[in-house]
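S.K.: Quick one: the structure is below, and I'll ask about it shortly.
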Amino acid sequence: MSHAHEMSFWEKYVFSTDHKVIGLQYMFTGIFMAIIGGFFVYVFRMQLAFPGISVPGYGEVTPLAYNSLVTNHGTIMIFWFAMPVLIAAFGNLLIPLMIGCDDMVFPRINRLSYQIFLLSAIVLIASFFVPNGGFGGAWTAYPPLSANAAYNATPLGAPMWLIAVALEFVAFLLGGINFITTLMNARAPGMTMYKIPIVCWMIVIASILFMLSVGPLIAGAVMLLFDQTLGTSFYNAAGGGDPLLWQHLFWFFGHPEVYVVLLPSLGIVADIMAVFSRKKLFGYKTILYSVFATGILSFVVWAHHQFIAGIDPRMANLFVITTLLISVPIAELCFVYIATLYGGSITFSTPMLWALSFLVEFLIGGVTGIFLGASGADVYFHDTYFVVAHFHYTFVPIAIIGFYAGITFWFPKIFGKMLSDRLGRIHFWGTIIPFNFIFIPLFILGTAGQHRRIWNYEHFRDLASPEFYNLRVIATVSLLIMISFQFVFVFNFIKTMRSKKKAPKNPWNSNTLEWTADSPPPHGNWPVLPTCYRGPYEYNHPDRESDFWPQNEPGPDPADPDYKSGPATDSGFQSTNPNL
Amino acid sequence: MSFQVPIATNRSSTGIPTSRLGVWWVLASEIVIFGGLIMCYLMFRLHHESWSFEAEHTNPWAGGFNTFVLLTSSLFVVLAHQAAEVKDTVKSVRYIWYTIFGGFVFMAVKAYEYTTEIMHGYTMFKSVFWSFYYTATGIHGFHVMAGMFIMWMISRDVKKGKNLHRVEVIGIYWHFVDVVWIFLFPLLYIAK
Amino acid sequence: MSDSEEHHDHSPGRYIKIWAILLVLLGVSILGPLIGIKWLTLITAFGIAIVKAGMVCAYFMHLNIEKKVAWYLLTATLLLLLVFFTGVAPDVMKPTGQNWRQLYHEPTREESAVHHDEDHGDDDAHEEEGHSEAAH
Numbered sequence: 105m106s107h108a109h110e111m112s113f114w115e116k117y118v119f120s121t122d123h124k125v126i127g128l129q130y131m132f133t134g135i136f137m138a139i140i141g142g143f144f145v146y147v148f149r150m151q152l153a154f155p156g157i158s159v160p161g162y163g164e165v166t167p168l169a170y171n172s173l174v175t176n177h178g179t180i181m182i183f184w185f186a187m188p189v190l191i192a193a194f195g196n197l198l199i200p201l202m203i204g205c206d207d208m209v210f211p212r213i214n215r216l217s218y219q220i221f222l223l224s225a226i227v228l229i230a231s232f233f234v235p236n237g238g239f240g241g242a243w244t245a246y247p248p249l250s251a252n253a254a255y256n257a258t259p260l261g262a263p264m265w266l267i268a269v270a271l272e273f274v275a276f277l278l279g280g281i282n283f284i285t286t287l288m289n290a291r292a293p294g295m296t297m298y299k300i301p302i303v304c305w306m307i308v309i310a311s312i313l314f315m316l317s318v319g320p321l322i323a324g325a326v327m328l329l330f331d332q333t334l335g336t337s338f339y340n341a342a343g344g345g346d347p348l349l350w351q352h353l354f355w356f357f358g359h360p361e362v363y364v365v366l367l368p369s370l371g372i373v374a375d376i377m378a379v380f381s382r383k384k385l386f387g388y389k390t391i392l393y394s395v396f397a398t399g400i401l402s403f404v405v406w407a408h409h410q411f412i413a414g415i416d417p418r419m420a421n422l423f424v425i426t427t428l429l430i431s432v433p434i435a436e437l438c439f440v441y442i443a444t445l446y447g448g449s450i451t452f453s454t455p456m457l458w459a460l461s462f463l464v465e466f467l468i469g470g471v472t473g474i475f476l477g478a479s480g481a482d483v484y485f486h487d488t489y490f491v492v493a494h495f496h497y498t499f500v501p502i503a504i505i506g507f508y509a510g511i512t513f514w515f516p517k518i519f520g521k522m523l524s525d526r527l528g529r530i531h532f533w534g535t536i537i538p539f540n541f542i543f544i545p546l547f548i549l550g551t552a553g554q555h556r557r558i559w560n561y562e563h564f565r566d567l568a569s570p571e572f573y574n575l576r577v578i579a580t581v582s583l584l585i586m587i588s589f590q591f592v593f594v595f596n597f598i599k600t601m602r603s604k605k606k607a608p609k610n611p612w613n614s615n616t617l618e619w620t621a622d623s624p625p626p627h628g629n630w631p632v633l634p635t636c637y638r639g640p641y642e643y644n645h646p647d648r649e650s651d652f653w654p655q656n657e658p659g660p661d662p663a664d665p666d667y668k669s670g671p672a673t674d675s676g677f678q679s680t681n682p683n684l
Numbered sequence: 660m661s662f663q664v665p666i667a668t669n670r671s672s673t674g675i676p677t678s679r680l681g682v683w684w685v686l687a688s689e690i691v692i693f694g695g696l697i698m699c700y701l702m703f704r705l706h707h708e709s710w711s712f713e714a715e716h717t718n719p720w721a722g723g724f725n726t727f728v729l730l731t732s733s734l735f736v737v738l739a740h741q742a743a744e745v746k747d748t749v750k751s752v753r754y755i756w757y758t759i760f761g762g763f764v765f766m767a768v769k770a771y772e773y774t775t776e777i778m779h780g781y782t783m784f785k786s787v788f789w790s791f792y793y794t795a796t797g798i799h800g801f802h803v804m805a806g807m808f809i810m811w812m813i814s815r816d817v818k819k820g821k822n823l824h825r826v827e828v829i830g831i832y833w834h835f836v837d838v839v840w841i842f843l844f845p846l847l848y849i850a851k
Numbered sequence: 004m005s006d007s008e009e010h011h012d013h014s015p016g017r018y019i020k021i022w023a024i025l026l027v028l029l030g031v032s033i034l035g036p037l038i039g040i041k042w043l044t045l046i047t048a049f050g051i052a053i054v055k056a057g058m059v060c061a062y063f064m065h066l067n068i069e070k071k072v073a074w075y076l077l078t079a080t081l082l083l084l085l086v087f088f089t090g091v092a093p094d095v096m097k098p099t100g101q102n103w104r105q106l107y108h109e110p111t112r113e114e115s116a117v118h119h120d121e122d123h124g125d126d127d128a129h130e131e132e133g134h135s136e137a138a139h
């Protein structure tokens, strides 16, 4: 399926309906927004470590600006970096290729979703330049602070922030419908439910979770917008409304949202681990059903974010139980991943390093969540830096480690070149080690009582001791180191793109269908769409000489009950990749 | 232009045509949006006794007439779908336009309602009941207008004999808009 | 109009019959409140709404002959809304508590109505209403 006519630059790169182009549009927009979000954290961490300093590249940080930086750092990293890169970019790039079709089922709606997403990013960035600047009421935007310009001092920034977030929701609803419908309907012949690569399942389940949880919040956001701009009283107690309603609406979405971003990263890690241990993914169905259970449970844990908001204590008890329960399927997943590694022939390539570190770092994040899930302990920990460290130990593995794992793994397919493994390792260690030195001090600070969202801790005698000061400085300096090492990745990227050396079709000897297309795939992906004969994780099968068994290679399916095992039936493919 | 429908769009591992499968997911997302709004309304309504007093001032005849209009337009759109199934494009286009006309009548009645209510002083700011009333019916009205627009676009294709399968799909969306109103009507107009 | 074996009766007559039943139900739900018994009104209003919605879904949207996955999806969303209500109502529907100050005055029936003189279209301020502007 090729187009013989010439396409203009605009048709090919700007207004394209091709899923690969749209995926890259999402990816580069997401990376651009991450740089903005990263710049914000640099500025406010400098202020926190060295209060009153004129931050290089920014200037002095006023209290109002501090609130705005913190708010927009969080908002950008979740909505304009993690979600677009993990779901929209990887979803668009991978799903059609991994299920063996030529595009998403609704290419023009796909393009529309990106355009709305781009608009949302523009609205958000515009909000930084209006009088009084961007919204500073925290990414959670609780009223009455968020509803009332007399309190939040950003009469234009607040509604613009809300409109940007609402537009982003619409973009992801549209995108999600595409991913879900494509995975459900457009699979290659022979690709039944349990032959779908885990990463595709994860992105689609994430889209479903997003779609179902965001509805009440969209309604709530319209209500908040009216409170902000028209002066209605949906959340104003004096007017007959209820501010606690917003909290519930927000967190009913906010909690499933964290699983929305977690699942794609878990999927990326699963696929990478199977390839680089040359071993079948342990417990495909266990993973799938654990994820279903997590998804369902994720809808009934939300009020653990509201334990000290004055909710009904009987409901709090219920939410403690469900919160502790939800750690079980996630722990199950970690065990299954470890079981996949056990006995495998492991190659410590750059993608594998990222995947392994995901497991370690996310475990720390997950375990510290259990402290917070117990409402008694949460009475102390809520709104301290312990929470900040907990969610960064989960979000950074999700958004940053997961992103780098995916991009280093699929780089040859997407861009047609091989990244330098040596530079990849330098970048990896230069990111992971400082990351821990940022957030372990924050755990300590949080336990010691340092509360969140404060512009200058010098104003709090108990928090201004030298020990506290030193910990804050260590965190900030480590952040500076971590940010510097990101330039290694940028350098690697540019150097690779400028080199003439092309990547082979399947440098990692992986089974999944995307590796049978050219690197990078042309419009339409294959001249003839592939057929699927078996599951995606048949590595080192005893009946084969070669240690992998591509899904599209005609032949028997070992998972089939009628399969007869016997001597090798393949031609004994020998890998020419020295790294494997 | 050069847009060609990909092979993916015509595949169907589930047995449901892709466009119809897509619209079920659209409906799912819309149910939680409207449902969320309605749940919030319900919570407030059930615990503020005064809201039943406030609700006495909505116009149940206008609301009832509008329910009749939407039910009838739903009938027309399902007849349009049935005509499209037998490839009777002329009849299908005609029924689509009856449906669109139903949408116009609905919006006209709503405009009349809003005008009289506002002129009487029942504005959006009078109380949270009225805020909900205008928000819920406003968002619903927006969905009605969006549906009318999409139906117009589809009718242009159907006239040329193209994309007849889309009549069913926009019909399902329109029925959903009708069902939302079927619930909004007693909530806002009848329960007093 | 042609009937195909795989579908139910798709003739326009059937759809018109369903429409007529829907209109009768609509009439009952409008007349219900006029009888004046509160619980009867609730049953007629909401019970009929559920029946009407069910009929539109089953016969107009053809959910009764659609693959089960569509039913499961839509039912799941309704269950989710129930979960939302159950989790939020204990907080939002609680009118009193310890150490609370009631800022909102519930309007009476008289206060909920707008009284105005002969000439219409006035924007008189209505102080009885519980609505309050921004900061105070």
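Chains as they are written, first to last, in this note's numbering: chain A, 105 to 684; chain B, 660 to 851; chain C, 4 to 139. We put the CB at the ideal spot given by N, CA and C, even for glycine.
#1: Any contact of the region 330-349 of chain A with the region 373-385 of chain A, i.e. 3+ C-beta pairs under 8 Å?
#2: Quick one: list the residues of chain A neighbouring residue 95(C), beta-carbon separation under 9 Å, in chain order.
#3: Just to make sure I have the definition right: I need the residues of chain B whose C-beta is within less than 7 Å of the C-beta of residue 633(A). Which are they?
#4: To the nearest angstrom, report how far apart residue 138(A) and residue 616(A) are at their CA atoms.
#5: Output, in chain order, the set of chain A residues within a Cβ distance shorter than 9 Å of residue 850(B).
#6: Have a look at residue 135(A) and residue 502(A) and give me their C-alpha separation to the nearest angstrom.
#7: Should residue 110(A) go down as buried or exposed, given a rule of 16 or more other Cβ atoms within 10 Å for buried?
#8: Measure the C-alpha to C-alpha separation of residue 832(B) and residue 806(B) and round it to an integer number of angstroms.
#9: Would the beta-carbon of residue 251(A) fall within 9 Å of that of residue 635(A)?
#10: Using DSSP's beta-bridge definition, name the partner residues of residue 159(A).
#11: Using only alpha-carbon positions, find the residue among 453(A), 335(A), 460(A), 455(A) that is nearest to residue 446(A).
#12: Since residue 375(A) and residue 302(A) should fall inside the 8 Å C-beta cutoff, what is the C-beta to C-beta distance between them, to a whole number of angstroms?
#13: Can you give the beta carbon distance from residue 80(C) to residue 694(B), rounded, assuming they're within the 8 Å contact cut?
#14: At which residue ranges does the region 347-392 of chain A contain complete alpha helix (DSSP H) runs of 4 or more residues, listed in the order of the chain?
#15: Among the residues of its own chain, which have a CB less than 7 Å from the CB of residue 355(A), if the five just before and after it don't count?
#16: When you check each C-beta in the region 722-742 of chain B against every C-beta of chain A, which residues fall closer than 9 Å?
#17: Please name the residue in 182(A), 147(A), 176(A) whose C-alpha comes closest to that of residue 165(A).
#18: Should residue 299(A) be labelled buried (16 or more other beta-carbon atoms within 10 Å of its own) or exposed?
#19: Assuming residue 762(B) and residue 732(B) make a contact with CB atoms under 8 Å, what is their CB distance in whole Å?
#20: List the residues of chain D that residue 685(B) touches, going by C-beta distances under 8 Å, in chain order.
#21: How close, in whole Å, do the beta carbons of residue 633(A) and residue 304(A) come, if the pair is a contact with beta carbons under 8 Å?
#22: Do residue 668(A) and residue 607(A) have their C-beta atoms within less than 9 Å of each other?
#23: Return the Cβ separation of residue 621(A) and residue 670(B) in integer angstroms, given the expectation that the two are a contact with Cβ distance under 8 Å.
#24: Pull up the CB-CB distance for residue 336(A) and residue 242(A), whole angstroms please, since I reckon it's below 8 Å.
#25: Give the secondary structure of residue 643(A) by DSSP, where H, G and I count as helix, E and B as strand, and everything else as coil.
#26: Pick out the complete beta strand (DSSP E) segments inside the region 562-634 of chain A, 3 residues or longer, and give them in chain order.
#27: On a Cα-Cα basis, can you pick out the residue from 559(A), 630(A), 662(A), 618(A) that is closest to residue 639(A)?
#28: With distances taken from CA atoms, which of 812(B), 793(B), 757(B), 780(B) is nearest residue 734(B)?
#29: If we ignore side chains and look at the alpha-carbon of each, how far apart do residue 139(C) and residue 344(A) end up?
#30: Which bits of chain A does residue 692(B) rub up against, with CB to CB less than 7 Å?
#31: What residues from the region 449-477 of chain A come within 7 Å of chain C, judged by C-beta to C-beta, listed N to C?
#32: Which term fits residue 846(B), buried or exposed, when burial requires 16 or more other beta carbons within 10 angstroms of its beta carbon?
#33: Using alpha carbons as the reference points, say which of 220(A), 257(A), 283(A) lies closest to residue 691(A).
#34: Can a CB atom of chain B be found closer than 9 Å to the CB of residue 291(A)?
#35: In this structure, what does DSSP give as the bridge partners for residue 555(A)?
#36: Enumerate in chain order the residues of its own chain whose CB-to-CB distance from residue 488(A) is below 7 Å, with the five nearest sequence positions on each side excluded.
M.R.: With the given structure in hand:
#1: no
#2: 346, 348, 349, 352
#3: 666
#4: 30 Å
#5: Under the 9 Å cutoff, chain A gives no residues; its nearest Cβ is about 18 Å from residue 850(B).
#6: 15 Å
#7: exposed
#8: 7 Å
#9: no
#10: 163(A)
#11: 460(A)
#12: 6 Å
#13: 7 Å
#14: 347-381
#15: 406, 407, 409, 410
#16: none
#17: 147(A)
#18: buried
#19: 6 Å
#20: The chain labelled as chain D is not found among the protein chains of the depicted structure, namely A, B and C.
#21: The Cβ separation is near 16 Å, so there is no contact.
#22: no
#23: Between residue 670(B) and residue 621(A) the Cβ distance is about 18 Å, and since that is not below 8 Å, they are no contact.
#24: Contact doesn't hold; Cβ gap of about 22 Å is too wide.
#25: strand
#26: none
#27: 662(A)
#28: 757(B)
#29: Confidence in residue 139(C) is poor, its pLDDT being 35 and thus under 50, which makes the residue's placement unreliable; the coordinate value appears in the next sentence. Straight-line Cα distance between these residues: approximately 15 Å.
#30: 319, 322, 323
#31: none
#32: buried
#33: Because chain A in this structure spans residues 105 to 684, residue 691(A) falls outside the shown range and cannot be described.
#34: yes
#35: 488(A)
#36: 550, 553, 554, 555, 556
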